[in-house]
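Student: Counting in this note's numbering, the sequence shown runs from 17 upward without gaps.
Ideal placement from N, C-alpha and C gives every residue a C-beta, glycine not left out.
Pasting in a structure now, in structure tokens, and then I'll have a few things to ask.
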Amino acid sequence: CRNAIHIKAADNAEWHKVHTLSEVLQLLSNVGSQKYRLVGGNTAHGIYRMPYDIAVFIDVSSVTELRDHSIGNSIILGGNITITEWMAILLEASDRTSGFNYCRLVRDHLNRIATVPVRNIGTIAGNLMIKHNHNEFYSDVFLLLETIGATITISDTTGALQTVSPQDFLTVDMDKKVITLITMPQLAPDRFRLRSYKMTDRAQNAITYMNAGFLLEMTQGSGTVISSRIVYGGVNPTFIHATSIENYINGKNLFDNETIQSVIDLIDSDFAFDDSLPNSSADFRRRLAKGLFYKMVLNLTPSPLVQPRHLSGSSLIARPLSSGQQNYESTPALYPLTQPIMKIEALVQCSGEAEYVNDIYLHDGLWATFVLANDALRTIESIDASQALAVKGVKAFYSAKDIPGVNSFVSQKGPLLPSYLEPEEVFCSGKVLFHGQPVGMIVAEEMSQAVHAADLVNIQYASTSTVKDEGTFASLYRYFKGDSIDKKDKVLPTLADVLKEDRKFTEHRFQTPIVIKVATQQGVGQADNNIKGFLFCGPQYHFHMETQQTIAVPVENGMDLYPSSQWMDFINMGVAQVLGVNNNALNIRVRRVGGAFGAKISRCGQIAAAAAVACYHLHRPIRMVLPMITNMRSMGKRTPAFSEYDVDFTNEGLIQRLHCDVTHDSGCSTNEAMDFFSSLFTSNAYVTLTWTIVFHHVVTEAPSNTWMRAPGSTEVIANAETVMEHIAWALQKDPVEVRLANIAPVNPIRKIFADFLVSCEYYKRLEEVNQFNSVNRWRKRGIAISLMQFPQLFVNAFETLVAIYHGDGSVVISLGGIEMGQGVHTKCTQIAASILGVPIEMVKIKTPNNVVSANTFVSAGNMSTDALGTTVKVCCEILNVRLAPFRALGTWEDAVQAAYLANIELVATHQFTPEQIPPYIIYGVSCAEIEIDVLTGDFQLRRVDIVEDIGQSISPRVDVGQVEGAFMIGIGYWLHEKLVYNRETGELLTNRAWNYKPPGAKDIPVDFRVTLLQTISASAGVLGAKACSEPATSMAIVVVFALRKALESARQDTGASDIFITLNSSTTKEDILILAGTADDQFVL
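Below, the structure is given as structure tokens:
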């Protein structure tokens, strides 16, 4: 059907789908003063959120005139052609006519924009309109079109056409106008040279640091520039052409060092770089602008004119075809144990059939979201929600005064470990502890209404006044009471901010130090050397695909809760406390969690409690799903840590004395302190009789920080390994030697380490890396080794029920733990099938609930698979004993039916307790090889090898996936993910997927090799297996060590000072480029 479609929504918004340009223009002429939006792919919403009050939507995706194209003397493109379609047209044009040879370069640049799904729907005109409305947007489409001298044709509602350059287009009033055509010219290949670049914080689908286009008309056979078009994005929002460079190089020989140096000077003098957060620094982008120009020159200059070592700078790092190895053993005689099967939920997850919280159907349900405070350290005086309540569809606003029970989602009746000693408010009732703290919630018929209304709530704060000095005790009293205390009330959102301040103004933030390890003996050798250093491990966001969310439904016996949670008992205790009801009034079910990584241990309790409060008052189902921005602003992150070390050691690298202070950033609450977990890992694999380690904790104006995959271990293992690297640097030794000097002769990791050095070809590759670095100035490689000793222990109880149905002998399991991707359902199914002797298909895992699994501990810390696997094993063994008298009667089904008829109980339960599995150790070694582009800071992980000791793997494919995933989270932590705050207000500025970038598919190591070391050991978990979900995160620090080696080579070439380069988390491309230390006078042929 080609008829226009008109839909009028209940909220008076209109949707029009049309097929001709005349229909579009007619609608625009009738729209009057109403806000409207032309909709193609709507990909702009991922960058700039759509205004709430748009009244008219016009779907132009099927308008014929806007989707046509032609290739003749020029390429004419309809404005609504998608980026993917444009790329195909460019290839076609380049094959037809030599004047369009440059189109392949344009196509290659476009291939780096976003991802395939985005390019499939995003349009040329749509991208240009983003740039038009937001000049600060670094549009690659705009840059390419402006560089090649394309034109844009615009139609108004009368059909009058206007053709302009892309630069002039930015100043055109586009109200009620449509981009109809884009025209690309021919460029004679013997005269014109086109080069373009796009530098991003990860390989794909990332915000652009800087892009640049260079179109040079040159005399054939020489380096003389006749004319030029040089366009940069990322200098400042209004900068487009590098006019001074264009004017200077016209008539000059580009292949001349004097020309190059003069352009470098012009970038310094004429480029006014802005410096606004969360953008990368002006210093970085200035260096990048120079590097991209120099790279272009190297690329165009005939190779005989370029020093051989400099040729490596002429191109970008290209990713070759990925490969990988997954090495493990499997024993068919033990199947289904050790059988490498697909994860049981894999197909339903990939097909979208798996049910998560937000998939649950609600009849007559309402949506809820938080209202956040934006003024840290001020005290709330009143809250006016009248404007929010006036929004159509909004049903209620609730704040602290509406909580029927206790305003804290944290119960002090939990286990001893982890301890929750401080209450944490559901809604702030007085002093705002951090920017983004929830002060209330809006409930509405639709999520969009709730989100919009939440921004309309007006929070009034008590006035602040300067208070005279009244002594430490009185000042601290005033601080916690909520009054102003002068300099001590300065907003300090991060640990780095606290450490920069004068300690006398921050003393009240520090908790009592805890001595974790005390040196018990003096060093036995001569301490000839000393180093001092530090390592900063910053925060990291739990980038789960499913944000924090809960459904609350009123029922006859209380309330049903469906939280996205790792810990049902925590939800049960906290919500009951908030509502002022008994624990048995809550019915909690968690089918699965769509990513957690530790954020849904306790932080989910706040969302569950808020949803329950709304459900309690309105007696209607409540669906509370936090938008990602709210999730990032209001929820705690990985607990940051700052380590300072002072080490004496022998000439062989043996440590004689080590003192280390580790300061953890608790956020606004000291709950979930890292003391216990971090203390387990401070030694790593080393002899520590001469080590003293002291832990400190600091309170900051940030959400209460929390556990994240491999909490504590990631930070302190990184510190121990950094000390070894620093010692090796000081002694000019291979870090392998230093590590071996500090490992006890009887430690099993020595053999694992020695075997790994052979299997990963470390010494051969080290020689190759050194050879590569000696002949390449602008590309550098580094290779490094790291090791890990990861103690695993168990705390608290887990409940499980296993039942057999007499009708057909099928088995059901209700686990006292949560499936969140770690494969606990798969492994428990394999264990049950093996012990009962039935096919895997006969076993099903049912949704966990707080009845069968009452009082069960949290699924976290590597514990759930071992603990729950043990409970399943014991339950099945109990059932086997009960069925033994009937097994001789025939089939499994016959035996089960006979037992049923004999009134034999076919249900077994078991509670796991920690003494059932003694603590054991997981060993691991990793090797990483990296390559960096010294001119841009870009990098590529060429190869990563990991060996992890996992005992006798129950499900090897699942274990390999866990090792790979854990390591990738570590790569993101060390090389990609950076949280940026406004230092004045404490606002988190990198607060959504647009500006916070974990690694993507093309950031995975090109060659990724994982070996499961499957040894039979008495010291292991269930059925001889070892946990594997977290340890590999602690080994990812190796990528930083490899990077340091590459940077050392770069700095040696540049003549920079020889220092031990401190690389914190996260060390991004910005840091790499700046640390490389290239001087301007080194940009020569």
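1) Which first and last residues belong to the alpha helix (DSSP H) in which Thr131 is found?
2) Considering only C-alpha positions, which residue in the set Glu233, Gly1093, Gln236, Tyr68 is nearest to Arg793?
3) What separation, rounded to the nearest whole angstrom, lies between the Cα atoms of Phe116 and Tyr578?
4) Between the alpha carbons of Asn721 and Lys860, how many angstroms are there, rounded?
5) Inspect the CB distances between the stretch 182-192 and the stretch 74-86 and report whether three or more fall short of 8 Å.
6) Taking the beta carbon of Thr958 as the centre, do at least 16 other beta carbons fall within 10 Å, making it buried, or is it exposed?
7) So for Gln428, helix, strand or coil by DSSP?
8) Work out the CA separation of Tyr154 and Asn315 for me, nearest whole Å.
9) Can you check DSSP and say which residues form a bridge with His713?
10) Please report how far the alpha carbon of Asp676 lies from the alpha carbon of Ala718, in whole angstroms.
11) From the DSSP output, in three-state form, read off Lys860 for me.
12) Taking the CB atoms as reference points, tell me whether Leu388 and Gly452 lie closer together than 7 Å.
13) Provide the residue span of the alpha helix (DSSP H) that contains Thr522, from first to last.
14) Are Gln565 and Val641 close, meaning C-beta to C-beta below 7 Å?
15) Taking contact to mean at least 3 C-beta pairs separated by less than 8 Å, is the stretch 960-971 in contact with the stretch 1019-1028?
16) Nearest-angstrom Cα distance between Ala813 and Thr925?
17) Note down, in chain order, each residue of its chain lying with its Cβ closer than 6 Å to the Cβ of Glu1003, except the 5 sequence neighbours on either side.
18) In terms of alpha-carbon separation, which member of Ala911, Gly237, Pro352, Gly798 lies closest to Val897?
19) First and last residue of the beta strand (DSSP E) that includes Met457?
20) Is Thr482 buried or exposed, if buried means 16 or more other CB atoms sit within 10 Å of its CB?
21) Leu304: which of Asn227, Gly239, Pro352 sits nearest, CA to CA?
22) So if DSSP puts Asp286 in a beta bridge, which residue, or which two residues, is it bridged to?
23) Determine which residues share a DSSP beta bridge with Val941 and list them.
24) Quick one: measure Cβ to Cβ for Gly986 and Met1051, integer angstroms, because I've assumed they're closer than 8 Å.
25) Per DSSP, what kind of secondary structure is Ile99 in: helix, strand or coil?
26) Any chance you could list the alpha helix (DSSP H) runs of at least 4 consecutive residues sitting entirely within the stretch 516-598, in chain order?
27) Runs of 4 residues minimum, wholly inside the stretch 632-704: which ones carry the alpha helix (DSSP H) assignment?
28) Given this structure, state the Cα-to-Cα distance separating Gly487 from Val514, to the nearest angstrom.
29) Where DSSP assigns a beta bridge to Phe200, which residues make up the other side?
30) I'd like the span of the alpha helix (DSSP H) that includes Ala819, first residue to last.
31) Could you pull the DSSP bridge partners for Tyr310 from this structure?
32) Any chance the stretch 1065-1074 sits against the stretch 234-242, with 3 or more Cβ pairs inside 8 Å?
33) Where DSSP assigns a beta bridge to Met226, which residues make up the other side?
34) Considering only the alpha carbon of each residue, which of Leu1079, Ile1032, Ala104, Tyr557 lies closest to Val122?
35) Just the Cα atoms here: how many angstroms apart are Asp499 and Arg394?
36) Could you spell out the range, first to last residue, of the alpha helix (DSSP H) harbouring Tyr264?
Tutor: According to the data block:
1) Here the question's residue 131 lines up with position 115 in the sequence shown. Taken as a continuous stretch (DSSP letters only), Thr131 belongs to no alpha helix (DSSP H), as it is neither H nor E.
2) Translated into positions along the sequence shown, residue 793 becomes position 777. For the residues Glu233, Gly1093, Gln236, Tyr68, the minimum Cα distance to Arg793 belongs to Gly1093.
3) Within the sequence shown, numbered from 1, the residue matching residue 116 stands at position 100. Within the sequence shown, numbered from 1, the residue matching residue 578 stands at position 562. Roughly 58 Å separates the two Cα atoms.
4) Start at 1 with the first residue of the sequence shown, and residue 721 comes out as number 705. Start at 1 with the first residue of the sequence shown, and residue 860 comes out as number 844. Spanning the two alpha carbons is a distance of roughly 36 Å.
5) no
6) Taking the first residue of the sequence shown as 1, we reach residue 958 at position 942. Sequence inspection shows Arg at residue 958; the Thr mentioned does not correspond to that position. Buried, by the Cβ-count rule.
7) Taking the sequence shown and counting its residues from 1, the one referred to as residue 428 is at position 412. The answer is coil: DSSP assigns Gln428 none of H, G, I, E or B.
8) The residue labelled residue 315 in the question sits at position 299 within the sequence shown. The residue labelled residue 154 in the question sits at position 138 within the sequence shown. When rounded, the distance between both Cα atoms is 24 Å.
9) By 1-based counting over the sequence shown, the position of residue 713 is 697. BP columns for His713 point to His680.
10) As a working note, residue 676 is residue 660 in the sequence shown. As a working note, residue 718 is residue 702 in the sequence shown. It is worth fixing the name first, because residue 676 is Cys in this sequence and not Asp. Going from the Cα of Cys676 to the Cα of Ala718 covers about 25 Å.
11) Position 844 of the sequence shown, counted from the first residue, corresponds to residue 860. Three-state DSSP puts Lys860 in a strand.
12) Translated into positions along the sequence shown, residue 388 becomes position 372. Translated into positions along the sequence shown, residue 452 becomes position 436. Yes, they are a contact pair.
13) Sequence index remark: in the sequence shown, residue 522 carries index 506 (1-based). Start and end: 519-522.
14) Residue numbering aside, residue 565 sits at position 549 when the sequence shown is read from its first letter. Residue numbering aside, residue 641 sits at position 625 when the sequence shown is read from its first letter. Yes, the Cβ-Cβ distance between Gln565 and Val641 is below 7 Å.
15) yes
16) By one-based count along the sequence shown, residue 813 stands at place 797. By one-based count along the sequence shown, residue 925 stands at place 909. About 13 Å.
17) Along the sequence shown, one-based indexing puts residue 1003 at 987. Excluding positions up to five away in sequence, the list reads His451.
18) One-based indexing of the sequence shown puts residue 897 at position 881. The residue with the shortest Cα to Cα distance from Val897 is Ala911.
19) As a working mapping, residue 457 is identified with position 441 in the sequence shown. That run of the beta strand (DSSP E) goes 454-460.
20) Translated into the one-based positions of the sequence shown, residue 482 becomes position 466. Note on Thr482: pLDDT 39, under 50, position unreliable in the model; no value is reported.
21) Taking the sequence shown and counting its residues from 1, the one referred to as residue 304 is at position 288. Of Asn227, Gly239, Pro352, the residue nearest in Cα terms is Asn227.
22) Taking the sequence shown and counting its residues from 1, the one referred to as residue 286 is at position 270. Asp286 pairs with nothing; no bridge assigned.
23) Locating residue 941 in the sequence shown gives position 925, where the first residue counts as 1. Looking at the DSSP assignment, Val941 forms a beta bridge with Leu803, Val963.
24) Within the sequence shown, residue 986 is the residue found at index 970, counting from 1. Within the sequence shown, residue 1051 is the residue found at index 1035, counting from 1. That pair is a contact at about 7 Å.
25) As a working note, residue 99 is residue 83 in the sequence shown. Reduced to three states, the DSSP call for Ile99 is helix.
26) 519-522, 584-595
27) 644-650, 691-695
28) The sequence position of residue 487 within the sequence shown is 471, counting from 1. The sequence position of residue 514 within the sequence shown is 498, counting from 1. No answer about Gly487 holds up, because its pLDDT of 43 lies below 50 and its placement is not dependable.
29) As a first step, residue 200 must be located in the sequence shown, where it is residue number 184. What sits at residue 200 in the sequence shown is Met, not Phe. Answer is Ile91, bridged to Met200.
30) As a working note, residue 819 is residue 803 in the sequence shown. Segment 814-820 is the beta strand (DSSP E) holding Ala819; no alpha helix (DSSP H) there.
31) One-based indexing of the sequence shown puts residue 310 at position 294. Beta-bridge pairing links Tyr310 to no other residue.
32) no
33) One-based indexing of the sequence shown puts residue 226 at position 210. DSSP output for Met226 lists Met215 as bridge partner(s).
34) By one-based count along the sequence shown, residue 122 stands at place 106. Taking only the C-alpha atoms, the option nearest Val122 is Ala104.
35) In the sequence shown, the residue the question calls residue 499 occupies position 483. In the sequence shown, the residue the question calls residue 394 occupies position 378. With a pLDDT of only 46 at Asp499, under the threshold of 50, the placement of this residue in the model should not be trusted; the figure read from the coordinates follows. Taking the straight line joining both Cα atoms gives about 8 Å.
36) Walking along the sequence shown from the start, residue 264 turns up at place 248. Segment 259-265, the alpha helix (DSSP H) holding Tyr264.
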